[in-house]
Structure formats: C-alpha cells, structure tokens
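Step one of this worksheet: look at the structure below.
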Amino acid sequence: MIGNILSTLIWLFSKSFGLFVLSRIIAGLSEGNIQLSIAIISDVTSKESRSKGLALVGIAFSVSFTIGPAIGAFFSSKDLSQTFPQLVKWGLNPYSMPALVALILLSVETLYLYLFLPETVNLYQKSQSLQPSDTKHQNSNSTLSYHQTNTVSQRLSNLRNLNWIHFLFLFFFSGMEFTLTFLTFDLFNFTNMQNGTLLGYIGILSSILQGGYVRRMARVVGEKRLVVQGVLCCAISLTIIAALTKTSNGIMWLYIGATFLAITSATVVTCLNSIASMQCDDYDNDEQNVESVSTNNNENNSGNITRIAKGQTLGVYRSLGQLGRSAGPIMACGLYWMAGSEKCYGIGAFSMLIILGIVIVKVPYIPTQKQKSE
Numbered sequence: 023m024i025g026n027i028l029s030t031l032i033w034l035f036s037k038s039f040g041l042f043v044l045s046r047i048i049a050g051l052s053e054g055n056i057q058l059s060i061a062i063i064s065d066v067t068s069k070e071s072r073s074k075g076l077a078l079v080g081i082a083f084s085v086s087f088t089i090g091p092a093i094g095a096f097f098s099s100k101d102l103s104q105t106f107p108q109l110v111k112w113g114l115n116p117y118s119m120p121a122l123v124a125l126i127l128l129s130v131e132t133l134y135l136y137l138f139l140p141e142t143v144n145l146y147q148k149s150q151s152l153q154p155s156d157t158k159h160q161n162s163n164s165t166l167s168y169h170q171t172n173t174v175s176q177r178l179s180n181l182r183n184l185n186w187i188h189f190l191f192l193f194f195f196s197g198m199e200f201t202l203t204f205l206t207f208d209l210f211n212f213t214n215m216q217n218g219t220l221l222g223y224i225g226i227l228s229s230i231l232q233g234g235y236v237r238r239m240a241r242v243v244g245e246k247r248l249v250v251q252g253v254l255c256c257a258i259s260l261t262i263i264a265a266l267t268k269t270s271n272g273i274m275w276l277y278i279g280a281t282f283l284a285i286t287s288a289t290v291v292t293c294l295n296s297i298a299s300m301q302c303d304d305y306d307n308d309e310q311n312v313e314s315v316s317t318n319n320n321e322n323n324s325g326n327i328t329r330i331a332k333g334q335t336l337g338v339y340r341s342l343g344q345l346g347r348s349a350g351p352i353m354a355c356g357l358y359w360m361a362g363s364e365k366c367y368g369i370g371a372f373s374m375l376i377i378l379g380i381v382i383v384k385v386p387y388i389p390t391q392k393q394k395s396e
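Quick look at the structure:
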C-alpha cells in the first residue's frame, strides 16, 4: 500500500511523461496486495467457504473496472492547477485531480488496514481449535480428508499445472477481450459510449453472477465444474463473435456473445484462485519442525513436516496470470490486424477448447461437503 501511495504521489506531480511512467512502474511493483488479499482470504476461510470469500475479490474487480473509469473521467474534468496555481511549478497539472482522489482513498485504506487488519496466519486453524471437538471435526473433515490423500508433492504438482492453466487462459481471454472494441468499431461503427455500454454490461452481469451464482454453486457442484463451465462459455462466446461477419442481427448476437463472456469472467479466475489456494492449506497447528516449501522448491532435506508457503506460491501463480494478461493483448492485436476478426476469434475459440481439455485432465477435483457426506 505504501508503494501505491508513493506511485500516486508521483503521478499527482508528474510534470513530464517520464515521471508518469515512473509512477506506473512503482504501481506495478506494488501489485502484491492482490496476491496477499487472496492469501488472507485463504487464511480465514474453510474449504467450503473459500470460493464464496474469493468471489468478493472478483466482485470488487468487476465493480471497480465498471465504475472506476467513469469516476476517473469525471474528476479529470476538474483542473487542480487553477485551484492551486502555486503548485504548478512542482508539477501539478490540469489532470492531477484523479491522482489526488486516488491518493486520498489509498491513504484512508492503508490507515484502516494498519488499525484493523489482524495477522491472519493460522487464524482459521486457531478459531477451529477453540470450538467443541464435534463441531471442529465436522467443519474440517472434508478438508483433512482431501489433504490426507494428497501429499505436499502432489499438491505442488497440482499448483504447477494451475500456474500454466491460469497463464494460458488469461493469455487468450484477455487478448480476445482487448480486441473486442476494435471489432465493434469495424463491424458496427460503435461510438465510445456504445463500447462503454457493452463493457459495462459485461462487468455488471459478471458482478451479479459472482455474487449470486458462483458464491452459491461452488459449494454445491465444486470449483472445477464451474471452471469447466466458464471455459466452455468462453469458447461459445468467441465462436459467436467470430461468426458476426456472417450473421444478421449482429448486435443481438454480439450481446449474446458478451453474456457468455460475462459468465466466463465470473467463474474461471475466481474458482481457479480458490483451487490454487486450497492446495496451500495446512491444518497442522504445530509450528515446530515445520518447513515451508513452494512450487520452486519442493525438496525437504531436513526431514521435518512440510507445508506450502502460501504467500510465495500464490504470488507466483498470480504473476503468471498477470504475464498472460499483459502478453495476450499484444498477440491478439497482431493477429486481429493481420488475419481479421473472423480468424482471430476463431483461433481464440479453438484455443479455449484446448484449454478446456487441459482443465478437465489436469485441474484437481476437490469434493464438496455435500458430496463427501453422500
């Protein structure tokens, strides 16, 4: 959070493009707060409630990316350099107002976290130990059963598979999503307002689905099935979009494809995050003779009990996802302009079908509490 505050402060007084780029670099280097938020939610939730908790992160992203740009555009119309002309020599400019608002929000958030966020390592396990033995056994039975049949090395192998599935999915999904506004302009001559309406529709529907469908169904059918549903919906969506050049009522079909994209956005990443975090769970309260390992180091030479280093492991997982999210648009833009929208989205749909097969084979299935009792 301190890094984000520093980056916003530099942005506020950016009197050159170089300073603005520096602020963005510092912001990028401070993105660990997202990984830590996932680790914290993993610390304080049980397996059964994990997806429900992580869905809140997805909802926050969807809502923020839907209303955030509009809020930023509103404040960018307010010229701080006219209100505080004496600060212009320090770099204050006509577009500094969004940076000031962001700085205030980040400062309040940082103070709140410092005052009210406790250390969460083993917090859930400690709360379980204070419960009556019957309740404790009932709440943790399915999780213990899963970990008793999956060794640390097996779970590390699962995490490596999840890392690359996360990368591949976001590589193609973000690329196809990034070029969507190119397609709407080329085929339908959409204005910025119409593109904003389309993207807002996807974001709002995704938020509703995460808050309603994902949070309720993950504990019923399991996270893997929701991932399969989401990737399949993405393949269907990209197929529809690829065929827009050959269909009538194109805008209607565009919104049908966007609906499937919203389902994908609501399910896949949230549930993959949940599955990845479950591989890191450790329910041994004995802190002695415990050695942490990660996906980069699964050897335990001391003979101690091993557990997976949750923060480091989820950091690697998120980093590969961010790499895919960054590289995907570069690939998709090149493919779009060289081959056209039909081939671009056709290749995207075919790639999603391949990823779907990988998900079915490689993503671990974790039984729900209901399925365990049956």
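Numbering (our numbering), first residue to last: 23 to 396.
Note that beta-carbon positions come from the ideal geometry of N, C-alpha and C, so glycine has one too.
Give a yes or no on contact between the segment 104 to 113 and the segment 27 to 38, applying the rule of three or more CB pairs nearer than 8 Å.
yes
In three-state DSSP terms, what is I388?
coil
Run the CB neighbour count on P91, radius 10 Å, all protein chains shown included, and call it buried at 16 or more, exposed below.
exposed
Taking just the CA atoms, how far does E131 sit from Q57?
17 Å
Would you tell me roughly how many angstroms separate the C-alpha atoms of S341 and T142, rounded to the nearest one?
22 Å
Pair within 8 Å by beta-carbon distance, R237 and K74
yes
For the pair the segment 248 to 264 and the segment 275 to 291, tell me if three or more CB-CB distances fall below 8 Å.
yes
With a floor of 4 residues, list each alpha helix (DSSP H) that falls wholly inside the segment 77 to 106, ordered by position along the chain.
102 to 105
Could you compute how far the alpha carbon of Q108 sits from the alpha carbon of I93?
26 Å
Near S59, which residues of its chain fall below 8 Å by C-beta distance, leaving aside the five closest residues on each side in sequence?
V79
Burial state of S17, where buried means 16 or more other Cβ atoms lie within 10 Å
No statement about residue 17 is possible, as the shown extent of the chain runs from 23 to 396 and does not include it.
I'd like to know whether the C-beta atoms of S228 and R347 end up nearer to each other than 8 Å.
no
Spatial distance of L357 from L266 (CA atoms):
17 Å
To the nearest angstrom, how far is it from the Cα of F39 to the Cα of S45?
10 Å
Which listed residue (S175, F200, N214, G233) has its alpha carbon closest to that of M353
F200
Helix, strand or coil, according to DSSP, for L266 in the structure here?
helix
Report buried or exposed for M360, applying the criterion of at least 16 other Cβ atoms within 10 angstroms of its Cβ.
exposed
Taking the alpha helix (DSSP H) that L28 belongs to, which residues open and close that run?
24 to 34
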